[in-house]
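Trainee: This is the structure, below, for whatever I ask next.
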Amino acid sequence: MTLKIRRNILSQGAPNVPGRKMKPKYITVHNTANTSRGANAEMHARYQHNGSGGRQASWHYTVDDTEIWQTLEDTQQGWHAGDGSGAGNTQSIGIEICENSDGNFDKAVKNAQRLIRKLMNKHGMSINNVVPHKHWSGKNCPRKLLGNWDEFKAGLVEEEKVISAKSDDLFKVQIGAFSKKTNADILARRAKARGFDQYIVKEGGLYKVQIGAFSQKANADEAVKKAKKAGFDVYIIGGKSVNKAKAKSSKPSPKPKPKSAPIKVGDKVTLSNSAKRYATGEIIPTRYKGKRYTVQQISGDRALLKELFSWVNVKDIGGPKKPAKPALKAGSRVTLKTSAKTYATGEAIPARIKGKRYTIQQVSKGRVLLKEIFSWVRNSDVI
Ligand SMILES: [Zn+2]
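Position in the sequence shown (from 1) plus 23 gives the number in the numbering used here.
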């Protein structure tokens, strides 16, 4: 069944709409708390178009058991999270799941999960960024889902094979991760042809081809051996204690690095903007670059990034201590380098001015105004 989205976008000038743009980072899940007959998605779209009863209330999608109505673009802010100008209202897509007594709530939840998966994929969001309304304001919402929130989130992984949220304890044997489903399908077919019990898990915007999940490391190792023999590039993901020495057995290329990176499990690292491909060979989408991630596992010259659930080459992630230079800002004390030659305005800097401490009065593109000498110098000329 295809997901039918009816669109009826609210006017950005309406009093129940903030009328501001946003870059969606989160998805906020609600329940309508309206059990009336006929209180379905279309009715809630109409409610907003009629001014939300005079309340400052608006959201992006309303989902019932048969339809989805969209009333705000994903890039427009709504008022649904109860956190004022916090991230709930200004950075999250609000989804209301209907509770109308003449509808099928379980089906509405399934539809909402499919919509959320679609939005996560579209906007490159991780499952961690799908939150209940309660997360932002403490409100008891979505009231019918808070009691089994983990189960709701488990339903957000690909339908083909639902891996429960508890599966983090398992040792998963993975043979590839792809941004394109077709590529994952090709590999899955190859594995199937070789007699492997394969399946595809969708996580962090990637399609991961896995051939097994085991509670015992030894069994996972066995599967790794078999897959390697069959010519697959294979890794173990997850598992309670894979982190340390045990990762060795799944090390794909045990080339000793002369300059081993000082990265260890648990470190926060930045995925370099110049990184091109995952360690598994797939191209890294731009939206994942330049962001901070946690190292979950290290194997040879590869590292598993927790939030991305993907292996990257160690050379593509910055070290643990990243924020090297504090940004220059008004009020900061800096030293004018003795190597500085000219002011940003071009005149020569007299030697007696150099090597001394000054206060930044103002910052502009690439230059700062030093208060005591009332002159603009280049950012590169101060430390
Ligand atoms: Zn709510």
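Built from N, CA and C at the ideal position, the CB exists for glycine as well.
Can you tell which of Val-154, Thr-205, Arg-390, Ser-362 has the C-alpha that lies nearest to the C-alpha of Lys-377?
Mentor: For the purposes of this step, residue 377 is taken as residue 354 along the sequence shown, with counting starting at 1. Residue Ser-362 is the option with its Cα nearest to Lys-377.
Trainee: Could you tell me the alpha carbon to alpha carbon distance between Ile-353 and Thr-382, rounded to whole angstroms?
Mentor: Locating residue 353 in the sequence shown gives position 330, where the first residue counts as 1. Locating residue 382 in the sequence shown gives position 359, where the first residue counts as 1. For the sequence presented, residue 353 should be read as Ala rather than Ile. Whole-angstrom Cα-Cα distance: 8 Å.
Trainee: Note down the Cα distance separating Leu-392 from Pro-373, rounded to an integer number of angstroms.
Mentor: Within the sequence shown, residue 392 is the residue found at index 369, counting from 1. Within the sequence shown, residue 373 is the residue found at index 350, counting from 1. Computed Cα separation, rounded: 16 Å.
Trainee: Express the C-alpha separation of Gly-76 and Tyr-70 in angstroms, rounding to a whole number.
Mentor: For the purposes of this step, residue 70 is taken as residue 47 along the sequence shown, with counting starting at 1. For the purposes of this step, residue 76 is taken as residue 53 along the sequence shown, with counting starting at 1. So the two alpha carbons sit approximately 7 Å from each other.
Trainee: For Ala-371, count neighbouring C-beta atoms within 10 Å of its own C-beta (all shown protein chains included) and say buried if the count is 16 or more, exposed if not.
Mentor: Walking along the sequence shown from the start, residue 371 turns up at place 348. By the neighbour-count rule (16 or more Cβ atoms within 10 Å), Ala-371 is not buried but exposed.
Trainee: Rounded to a whole number of angstroms, what is the C-alpha to C-alpha distance between Gly-111 and His-67?
Mentor: As a position in the sequence shown, residue 111 is number 88, starting the count at 1. As a position in the sequence shown, residue 67 is number 44, starting the count at 1. For Gly-111 and His-67, the distance between alpha carbons rounds to 20 Å.
Trainee: Any heavy atom of ligand 1 within a distance shorter than 8 Å of the CB on Asn-152?
Mentor: As a first step, residue 152 must be located in the sequence shown, where it is residue number 129. Result no, Cβ not under 8 Å from ligand 1.
Trainee: Of the residues Leu-331, Glu-330, Val-405, Gln-384, which one's Cα is nearest the Cα of Thr-365?
Mentor: Locating residue 365 in the sequence shown gives position 342, where the first residue counts as 1. The shortest C-alpha separation from Thr-365 is found at Val-405.
Trainee: So if I measure from each beta-carbon to every heavy atom of ligand 1 and keep distances below 7 Å, which residues remain?
Mentor: Checking every Cβ against the heavy atoms of ligand 1 under 7 Å gives His-53, Asn-54, His-103, His-156, Lys-162, Cys-164, Pro-165.
Trainee: Which partner residues does Leu-393 have in the DSSP bridge list?
Mentor: What you label residue 393 is simply residue 370 of the sequence shown in a count that begins at 1. DSSP output for Leu-393 lists Ile-383, Ser-398 as bridge partner(s).
Trainee: How many whole angstroms separate the CB atoms of Thr-55 and Glu-119, which I take to be in contact at a CB cut-off of 8 Å?
Mentor: The count along the sequence shown starts at 1 and reaches residue 55 at position 32. The count along the sequence shown starts at 1 and reaches residue 119 at position 96. With a Cβ gap of about 5 Å, Thr-55 and Glu-119 count as contacting.
Trainee: So, for Thr-303: in the same chain, excluding its five sequence neighbours on each side, which residues have a beta-carbon less than 7 Å away from its beta-carbon?
Mentor: As a position in the sequence shown, residue 303 is number 280, starting the count at 1. Cβ neighbours of Thr-303 beyond the five flanking positions: Gly-199, Ala-200, Asp-256, Trp-334.
Trainee: With three or more C-beta pairs closer than 8 Å as the rule, is the stretch 167 to 175 touching the stretch 213 to 229?
Mentor: The stretch 213 to 229 is not in contact with the stretch 167 to 175.
Trainee: Buried or exposed, going by whether 16 or more other CB atoms sit within 10 Å of the CB of Ala-216?
Mentor: Locating residue 216 in the sequence shown gives position 193, where the first residue counts as 1. Classification for Ala-216: exposed.
Trainee: Considering only the alpha carbon of each residue, which of Glu-395, Ala-326, Leu-33, Tyr-316 lies closest to Arg-356?
Mentor: Against the sequence shown, residue 356 aligns to sequence position 333. Nearest C-alpha to Arg-356: Glu-395.
Trainee: Here's the rule: buried if 16 or more other CB atoms are within 10 angstroms of the residue's CB, otherwise exposed. What is Val-247?
Mentor: Taking the sequence shown and counting its residues from 1, one reaches residue 247 at position 224. Per the 10 Å Cβ criterion, buried.
Trainee: Let's test the definition: count the other Cβ atoms within 10 Å of the Cβ of Gln-385 and tell me whether it reaches 16, buried, or not, exposed.
Mentor: Taking the sequence shown and counting its residues from 1, one reaches residue 385 at position 362. Exposed.
Trainee: Buried or exposed for Ile-306, please, with buried defined as at least 16 other CB atoms from any protein chain shown within 10 angstroms of its CB.
Mentor: Here residue 306 corresponds to residue number 283 of the sequence shown, with the count starting at 1. Ile-306 should be labelled exposed.
Trainee: Quick check on the DSSP output: the alpha helix (DSSP H) that includes Gly-111 runs from which residue to which?
Mentor: Taking the first residue of the sequence shown as position 1, residue 111 is located at position 88. Start and end: 110 to 114.
Trainee: With Asn-151 and Lys-157 assumed to form a contact (beta carbons below 8 Å), what rounded beta-carbon distance in angstroms separates them?
Mentor: By one-based count along the sequence shown, residue 151 stands at place 128. By one-based count along the sequence shown, residue 157 stands at place 134. Asn-151 to Lys-157, Cβ: 16 Å. No contact.
Trainee: Taking the beta carbon of Leu-26 as the centre, do at least 16 other beta carbons fall within 10 Å, making it buried, or is it exposed?
Mentor: On the sequence shown, position 3 is the one that residue 26 refers to. So Leu-26 counts as exposed.
Trainee: May I ask you to report which of helix, strand or coil DSSP gives Trp-82?
Mentor: Numbered from 1 along the sequence shown, position 59 holds the residue referred to as residue 82. Coil at Trp-82, not helix or strand.
Trainee: On the three-state DSSP scale, how would you describe Leu-210?
Mentor: Taking the sequence shown and counting its residues from 1, one reaches residue 210 at position 187. If DSSP states are grouped into helix, strand and coil, Leu-210 belongs with the helices.
Trainee: If you scan the stretch 33 to 113 from start to end, which runs of the alpha helix (DSSP H) of 4 or more residues do you find wholly inside it?
Mentor: The qualifying runs are 64 to 72.
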